[in-house]
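Asks: Pasting a structure here, questions to come.
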Amino acid sequence: MPDPSCKPPRTPAWLSWFIGRLGYGLLTAWVISLVVFIATQALPSDPARVILGPDAPLESILTLQRQLGLDRPILEQYLRWLGHALSGELGVSLDSNAPVGSILFGRFGYTLALLAGVIAVVVPAALLLGVSLALRRDSRLDRWSLSLLIFLKATPGFLLAIGLVLLFSMPHMDVLPAVSILDPDKSLLRQLQFLVLPVLALSLSALPYLTRMVRASMIEALESDYVVAARLRGIAEWRIVWRHTLPNALVPAIQGVALTLRTLIGGALLAEVIFSYPGIGTSLNSAIQMRDLPVIQAIVLVITLGVVLINLLADLLTVLLTPKLRTARRVTMIRRNRRGIQPWWRRSQTKAP
Amino acid sequence: MTDSRYSRWQLWLAQSQSRKGALITLAVVALALLGPWLAPHSPTQMLGSVYGAPVGAAVLGYDFLGHDVLSRLLSGGVSVLWMSVAAASIALFTGSTLGLLAGFSRRRLDQLITWLADVSLAFPDLILVLLIVSMLGRAPWLIVLTVAIAFTPGVIRLARGSAVTVAGQEFVEAAQMMGYPRRRILFKEILPNILTPLLVHFGNMLTWGVGMLSGLSYLGYGVAPPTADWGLMINENQAGLLVQPWAVLAPAILIGIFAYGTNILAEGIGRSRSRIGEKQP
Amino acid sequence: MNAIAGIESRPPVLSNHVLQVRDLRVELPGQIDVLSGVTFSLERGEILGLVGESGSGKTTLATALLAHARRGARIVGGQVEVSGRSLLALAGEELRRARGSLIGYVAQDPATALNPALRIGSLLRETLSAHQVELDSAAQQQRIVETLRDVGLPDDAEFLRRFPHQLSGGQQQRVMLALAFVLRPALIVLDEPTTALDVTTQAHILVTLRRLCKSLGVAAVYVSHDLAVVKDLVDRVMVMYAGRIVEVAQREVLFRQPGHPYTWGLLAAIPDVAQRRDLEAIAGYAPAPGERPQGCAFAPRCPRRVAACSVLEPQLQDLSSTQRVACLVPHFQALELLGQACVLPVIETLARAPLLEIRELNMAYDRQVLFDVSLRVAAGECLALVGESGSGKTSLARAVAGLGENAEGQLRYAGMPLSLASRKRDGAQRHQIQYIFQNPYRALNPRQTVYQTLSAPLEHFFNIKGAAARERVEAVLKRVSLPTSVAGLYPHSLSGGERQRVAIARALVCEPKLLICDEITSALDVSVQASTLALLRQLQGEGLTLLFVTHDLGVVRAIADRVLVLKLGRVVEQGAVDQVLDLPQAAYTRTLLENSPTLR
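Structure below.
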């Protein structure tokens, strides 16, 4: 039985867990860099040949190899590459000869703006919708909304985007621009109309999963024993929803948002291409077509490290917001148990006849 | 209380959603498979005017090069569908095996597999596929393999999670005590009890697979023209959306219907009562 | 248990009823009744024990008193009046105000009934402010402190800042009591509040409860499946069966002279720590809602059945001023529970070689659970392992079964060394040592029929297949008193007791010599427990050795020859059952005995 009377320990257990988790994240990041490197530079097929195409003369291939440092041993290549990446020097674009960093900086900002816009729309909408649907479970509104969400979930993202273009950008209803021709000199805030359609398309494809997750977790909280106990104590219904269920139901949503972000990045790539939005998605697309190795490496690295960071933050937030994990005295309590040992007195849910 | 006479199949089909979903999916599959024979013209022959309007000979009009849209539609489904099914199946098979192993093994193996899955999950699906396809070329089997690799970590996580829950139940310990070989425990005790969530996920993977593969062809990384392919058709004819909407809409609708069908099927299976005490959303 | 009985009630000041229930009826969809015709009343300060097995409807009745029905059920008729107010007629805001201030409720499992995200202090304050708006914050604080002291909890600010998971099980349940009592309601409903707790904690909570009810004049309805627990707590007892009240009586009368055959059967089936007895099981099973036979629901199982019992449903009738029974042929004489006159011959464990020998077993999970445990079990005897939760008894049993991780020590079976990992044992050892789990609902593979579950070990150990296997399966089903038709069913079609029997059959089919039973009857009803224990005794008589893990000293007295008491991973006392339970040497054993509910 836990001893309830001791003083809180000096360093909370969650801190030591966090340091471990940080280490795990760094390890993952390093392996990712390895994978990116291998996938682009260390493949059996010669990258230089891949870049220049199958009919390039041997001369140019050798020159390119020397230029890219591909003639050095693999380990040396990797270490040089890693060293450059860590110091922020991401190489020079093969296509435009401009430093990769400067190419990507502005575009990265645009993509971040796009993602931020989507999150700002989807998270509140999913929370609102999920909670309302859970409170009105099995009503007509609930069933209709669920069908609509299923429909949205089933439609591939790029089809949604094209559908939106059809709806809003065709001459019969030219409300929003179909192509996002952003003026780099003007601030983004003044050109928000270019953001609307991409954000809408991505939001519609991200909404179903998050809404259903919030709804499910809210329903589980509403059906829990502590809510019934509170209701039987005569606590007002609004207070039960606000103080008793919401805090417990929303913590799992953090993981849901992290997962959504990860899928969003892939979807954003397609959306940027469809709308010609000048973000890193379109850069990646053209870099792949041009076989611009340094650009590809830089973009993929940035994206994946971002995902690792997001997961780390999500895990940290979850631990901090769950009192049981936050006040845990032992780090092992934060890791999930492999075997759930049930106490002897816990009867099963189903009553036998 | 479910009756012992009903087998799992009957439980699944008892849900109206799974019946609807199965029907829709099978209908689209049939259309794609039989389509090439039903097509009135050759899909690669330029027969009419560019973006020509629908006429008697070509019910859906002509596309950006004058091909008959209907014929291309009927012939363009096979590649997307077989690739989605293949990718989802490979992911299901490898992911389940690895996840089962992870959920039931010693700590080390479990940690290794989980960690590998986490690393793969750091790559957004599309990025991973694009990366490999760009470097290694776009042979269909390669694309299938990469999509399968993108899906596998999710299956591993699901299989492992379900396997751990099941392995914590006492009947698995009883089997261990009897001294049954590990393979027998994995496949006869644990696997039958995690089939349902795995199959739900399979349905979801079909949905995502269709989306991703058609997206890939849309971006130009799928089948090469002039072969007919739904995703490719959407890309090719996008410019003429105003003039000849059918060239874009028809394949888009079919993709959507297939994705919807598999989705509903997955939902229906998920709602059926053949799970061990799991809550339904 | 004398501590509780010693708290006398004050003579009632006003003898008006604080609770009156008339013709209460709760239904499931399809007009299947879960409860029907329930009529009773309660006086101020009186404690009523509501006793029944699973499926009797007692929990439904408990929540119906608060005008609440679980999902799917509906209260369709009757009246519930608390302090003169008719609860079933209230709705919305009025109902909310009545709940809590008029009636309190204490749930069964405090760990899940307390919100893990809220501190204890805020729960208490919130409950107060939801009802007593006229108290200002200083008065609220005063009331909270008083209540905490009343239930035996520390009243300082540091305690109020704790989260539920930082409290022990007993403290959590006391918090639930505090949440109910803080509003000073007229009536409190408690739904098996001590099932989740150890005997010692349970005893303390019952004392606290009785003291509070009597001193504050609060009436209580205490739901329980265990008659022994309520014996010293309550003033009156109400027994329910299949959704009907079958008997209501004053406490002494009920235990001395039960009228209804079902009550009689229950009392005869409860194991008593004070004397060894042959427990009598009640044959058959309680009907599920919707499967009630015509007439008296108990008739199919009743030994006193007459023809009229299957036609007419008996109503509650006064047998005397203190007892009402719903039966056409009630008992009129006193119940005599005869102890076994002769004590079982003491089996000399030292003379013969032990079947199982454990030397200095140490085991750890994230902390050490067993410290240098040694024991011996002779062939043909039943050794009981007793302890509260955290004592390590289950870990010990699992280690013997080969499921222990992180264990070191020496095990010997039939003179040969026994490995701690089941994988390293040879086939003979594996089939001779069998283990039966506590939870019958998870002990069988849901995707396999009973036949598949039973025939698999036959093929694995003895290479018996086909017709020979079928023969053996039928034989073992008969041995555990299950019909052979069960073989084609899946586990979800069976009840808990039946599933436990299939688990026992699975062990028997392996031709075991040593059977390890891990609290196998804790999840079962009393009558089913009696028949399972009888089966085990029969098996022991046929030559099986039993290692029986339990927390219930009554079961120990009923079935074991020798007993070993564990506390926090160490052996505290061991010896013959009668010796240890009648003349305990260790203080811990004495405490356990004092706090164990008994029928005497």
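Protein chains in written order, with our numbering: chain A, 1406 to 1758; chain B, 192 to 472; chain C, 59 to 658.
Virtual Cβ for every residue (Gly too), placed ideally from N, Cα, C.
For Gly370 of chain B, return the contacting residues in chain C, with the cut-off set at a CB-CB distance below 8 Å.
Replies: The residue given as residue 370 of chain B occupies position 179 in the second sequence. In chain order, Ser480, Arg481, Arg483, Gly485, Arg488 and His518 make up the part of chain C whose C-beta sits under 8 Å from the C-beta of Gly370 of chain B.
Asks: May I ask you to list the residues that DSSP assigns as paired with Asp249 of chain C?
Replies: Here the question's residue 249 of chain C lines up with position 191 in the third sequence. Paired residues: C:Val281.
Asks: Going by the DSSP bridge assignment, what does Met296 of chain C pair with across the sheet?
Replies: To locate residue 296 of chain C, count along the third sequence from 1; it is residue 238. Partner(s): C:Leu108 and C:Val306.
Asks: Hey, is Gly1425 of chain A's beta-carbon within less than 8 Å of any beta-carbon in chain B?
Replies: Along the first sequence, one-based indexing puts residue 1425 of chain A at 20. Proximity of Gly1425 of chain A to chain B, defined by a Cβ-Cβ separation below 8 Å, is not satisfied.
Asks: Does DSSP classify Val638 of chain C as helix, strand or coil?
Replies: Within the third sequence, residue 638 of chain C is the residue found at index 580, counting from 1. Looking at Val638 of chain C - three-state DSSP - the assignment turns out to be helix.
Asks: With distance defined between alpha-carbon atoms, name the residue in A:Leu1602, A:Val1662 and A:Glu1642 nearest to Ala1530 of chain A.
Replies: The residue labelled residue 1530 of chain A in the question sits at position 125 within the first sequence. Per the Cα distances, A:Val1662.
Asks: With a threshold of 16 other CB atoms inside 10 Å of the CB of Trp228 of chain B, please say whether the residue is buried or exposed.
Replies: Stepping through the second sequence from its first residue, residue 228 of chain B is reached at position 37. Trp228 of chain B comes out exposed.
Asks: What number of angstroms, rounded off, separates the C-alpha of Val220 of chain B from the C-alpha of Tyr242 of chain B?
Replies: Walking along the second sequence from the start, residue 220 of chain B turns up at place 29. Walking along the second sequence from the start, residue 242 of chain B turns up at place 51. Cα to Cα, the separation comes out at about 28 Å.
Asks: Since Phe295 of chain B and Ala230 of chain B should fall inside the 8 Å C-beta cutoff, what is the C-beta to C-beta distance between them, to a whole number of angstroms?
Replies: Sequence index remark: in the second sequence, residue 295 of chain B carries index 104 (1-based). Sequence index remark: in the second sequence, residue 230 of chain B carries index 39 (1-based). Phe295 of chain B to Ala230 of chain B, Cβ: 50 Å. No contact.
Asks: Below 8 Å on the Cβ atoms is my contact criterion, and I expect Ala278 of chain B with Gly400 of chain B to pass it. Report the Cβ-Cβ distance as a whole number of Å.
Replies: In the second sequence, the residue the question calls residue 278 of chain B occupies position 87. In the second sequence, the residue the question calls residue 400 of chain B occupies position 209. Contact flag correct, Cβ pair sits at about 5 Å.
Asks: Between the Cα of Lys451 of chain C and those of C:Leu77, C:His318, C:Glu569 and C:Leu626, spot the shortest distance and give me the residue it belongs to.
Replies: The residue you call residue 451 of chain C lines up with position 393 of the third sequence. Per the Cα distances, C:Leu626.
Asks: Counting only beta-carbon separations shorter than 8 Å, does Tyr493 of chain C have a partner in chain B?
Replies: Counted from its first residue, the third sequence places residue 493 of chain C at position 435. With 8 Å as the cut-off, Tyr493 of chain C counts as an interface residue toward chain B.
Asks: Please list the residues of the region 440-462 of chain C that have a C-beta atom closer than 7 Å to any C-beta atom in chain B, keeping them in chain order.
Replies: Ala459, Gly460 and Leu461
Asks: Rounded to the nearest angstrom, what separates Cys400 of chain C and Arg557 of chain C at their Cα positions?
Replies: Counted from its first residue, the third sequence places residue 400 of chain C at position 342. Counted from its first residue, the third sequence places residue 557 of chain C at position 499. With a pLDDT of only 44 at Cys400 of chain C, under 50, the local geometry of the prediction cannot be trusted, and the value read off the model is given with reservation. The straight-line gap from Cα to Cα measures roughly 34 Å.
Asks: Who does Leu469 of chain C pair with in a DSSP beta bridge?
Replies: Translated into the one-based positions of the third sequence, residue 469 of chain C becomes position 411. Answer is C:Ile416 and C:Leu476.
Asks: Which residues in the same chain as Ser207 of chain B place their Cβ atom closer than 6 Å to its Cβ, once the five residues preceding and following it in sequence are excluded?
Replies: Counting from 1 along the second sequence, the entry for residue 207 of chain B is found at position 16. Closer than 6 Å at the Cβ level, and outside the excluded window around Ser207 of chain B, lies no residue.
Asks: How would you list, in chain order, the residues of chain B whose beta-carbon sits under 8 Å from the beta-carbon of Asn497 of chain C?
Replies: Taking the third sequence and counting its residues from 1, the one referred to as residue 497 of chain C is at position 439. Those within 8 Å of Asn497 of chain C in chain B are Glu361.
Asks: What alpha helix (DSSP H) runs, 4 residues minimum, are completely inside the region 329-403 of chain B?
Replies: 331-358 and 361-369
Asks: Classify Asn74 of chain C as buried or exposed, calling it buried when 16 or more other Cβ atoms lie within 10 Å of its own Cβ.
Replies: By 1-based counting over the third sequence, the position of residue 74 of chain C is 16. It counts as exposed.
Asks: Cα separation between Val335 of chain B and Gly402 of chain B?
Replies: What you label residue 335 of chain B is simply residue 144 of the second sequence in a count that begins at 1. What you label residue 402 of chain B is simply residue 211 of the second sequence in a count that begins at 1. Computed Cα separation, rounded: 13 Å.
Asks: Is the number of C-beta pairs between the region 279-288 of chain B and the region 343-352 of chain B that are closer than 8 Å three or more?
Replies: yes
Asks: For Asn1732 of chain A, decide whether its Cβ has a neighbour in chain C, counting only Cβ atoms nearer than 8 Å.
Replies: Locating residue 1732 of chain A in the first sequence gives position 327, where the first residue counts as 1. Just to set this straight, residue 1732 of chain A is Thr in the shown sequence, not Asn. Cβ-Cβ to chain C under 8 Å: yes for Thr1732 of chain A.
Asks: Starting from Ile1555 of chain A, follow the alpha helix (DSSP H) in both directions and report where the run begins and ends.
Replies: If you number the first sequence from 1, residue 1555 of chain A lands on position 150. Looking at the DSSP string, the run of the alpha helix (DSSP H) that includes Ile1555 of chain A is Arg1545 to Ala1559.
Asks: According to DSSP, is Ser1492 of chain A helix, strand or coil?
Replies: In the first sequence, residue 1492 of chain A corresponds to position 87, counting from 1. Of the three classes helix, strand and coil, the one that applies to Ser1492 of chain A here is coil, per DSSP.
Asks: Using 8 Å for Cβ pairs, my map puts Leu374 of chain C next to Arg382 of chain C. What's the rounded Cβ distance?
Replies: Your numbering for residue 374 of chain C matches position 316 in the third sequence. Your numbering for residue 382 of chain C matches position 324 in the third sequence. So it is a contact: roughly 5 Å between Cβ atoms.
Asks: Taking 8 Å as the cut-off, decide whether the C-beta atoms of Met296 of chain C and Leu145 of chain C are in contact.
Replies: Along the third sequence, read from residue 1 onward, the residue named residue 296 of chain C stands at position 238. Along the third sequence, read from residue 1 onward, the residue named residue 145 of chain C stands at position 87. Going by C-beta atoms, Met296 of chain C is not nearer than 8 Å to Leu145 of chain C.
Asks: Quick check: is the beta carbon of His262 of chain C nearer than 8 Å to any beta carbon in chain E?
Replies: In summary, chain E is missing from the structure at hand, where the protein chains are A, B and C.
Asks: Would DSSP call Val79 of chain C helix, strand or coil?
Replies: Within the third sequence, the letter at position 21 stands for residue 79 of chain C. Val79 of chain C: strand per DSSP, three-state reduction.
Asks: How many whole angstroms separate the CB atoms of Thr1560 of chain A and Ala213 of chain B, which I take to be in contact at a CB cut-off of 8 Å?
Replies: Your numbering for residue 1560 of chain A matches position 155 in the first sequence. Your numbering for residue 213 of chain B matches position 22 in the second sequence. That belief does not hold up - the Cβ atoms of Thr1560 of chain A and Ala213 of chain B are roughly 20 Å apart, past 8 Å.
Asks: Report the three-state DSSP secondary structure of Gly267 of chain B (helix, strand or coil).
Replies: Counted from its first residue, the second sequence places residue 267 of chain B at position 76. Three-state DSSP puts Gly267 of chain B in coil, outside helix and strand.
Asks: Based on DSSP bridge pairs, tell me the residues matched to Tyr253 of chain B.
Replies: On the second sequence, position 62 is the one that residue 253 of chain B refers to. The partner list for Tyr253 of chain B (beta bridge, DSSP) reads B:Asp259.
Asks: Under the three-state reduction of DSSP, which class applies to Tyr1429 of chain A: helix, strand or coil?
Replies: Reading the first sequence from its first residue, position 24 is the one you call residue 1429 of chain A. Three-state DSSP puts Tyr1429 of chain A in a helix.
Asks: Between Leu502 of chain C and chain B, is the shortest Cβ-Cβ distance under 8 Å, so that the two count as touching?
Replies: Here the question's residue 502 of chain C lines up with position 444 in the third sequence. So yes, Leu502 of chain C belongs to the interface.
Asks: Excluding five sequence neighbours on each side, which residues of the same chain lie with their C-beta closer than 7 Å to the C-beta of Ser480 of chain B?
Replies: With chain B represented from 192 up to 472, any question about residue 480 of chain B goes unanswered, as that position is not in the structure.
Asks: Do Val439 of chain B and Ser270 of chain B have their C-beta atoms closer together than 8 Å?
Replies: Indexing the second sequence from 1 puts residue 439 of chain B at position 248. Indexing the second sequence from 1 puts residue 270 of chain B at position 79. Against a cut-off of 8 Å, the Cβ pair of Ser270 of chain B and Val439 of chain B comes out as no contact.
Asks: Cβ atoms of Cys440 of chain C and Asp619 of chain C: under 8 Å apart, would you say?
Replies: Walking along the third sequence from the start, residue 619 of chain C turns up at place 561. Walking along the third sequence from the start, residue 440 of chain C turns up at place 382. In contact: Asp619 of chain C and Cys440 of chain C (Cβ atoms closer than 8 Å).
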